[in-house]
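**Q** All residue numbers for the sequence shown refer to my numbering, where the first residue is 26 and numbers rise by one.
Virtual Cβ for every residue (Gly too), placed ideally from N, Cα, C.
Predicted model only: the values in this text are computed from it and were never measured.
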Amino acid sequence: AIIPEYQGKNAGAVVLSFAYKLVENMNTVLYLDCWAGNEKLKQFYLRNEMSYIGDFQEEGYFISVFTYNHPQKG
26 AIIPEYQGKN AGAVVLSFAY KLVENMNTVL YLDCWAGNEK LKQFYLRNEM SYIGDFQEEG
86 YFISVFTYNH PQKG
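1) Could you please give the first and the last residue of the uninterrupted beta strand (DSSP E) stretch that includes GLY62?
2) Can you tell me whether DSSP reads VAL90 as helix, strand or coil?
3) What is the DSSP secondary structure of GLY79, counted as helix, strand or coil?
4) Out of LYS67, ARG72, ASN73, state which residue places its alpha-carbon closest to the alpha-carbon of GLY79.
5) Please name the residue in ALA36, MET51, TRP60 whose C-alpha comes closest to that of GLY85.
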């Protein structure tokens, strides 16, 4: 989570960019989830190159799962 005073100032995108570089260097896939009712965060993930996988039931609530598949090198 990004603390409120840094929200809307590109901090979340910077954090995601760092995570993307890590998974690219590790040649792996990034998965992130959030409460399915958090439309603001879901739209943020989609605007930042993440792909929606689906909603999944947890104990008493649903989560939305997203992934980032880095571009293949070479």
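**A** This is what the structure holds:
1) That residue, GLY62, is in no beta strand (DSSP E); it is neither H nor E in DSSP.
2) strand
3) strand
4) LYS67
5) TRP60
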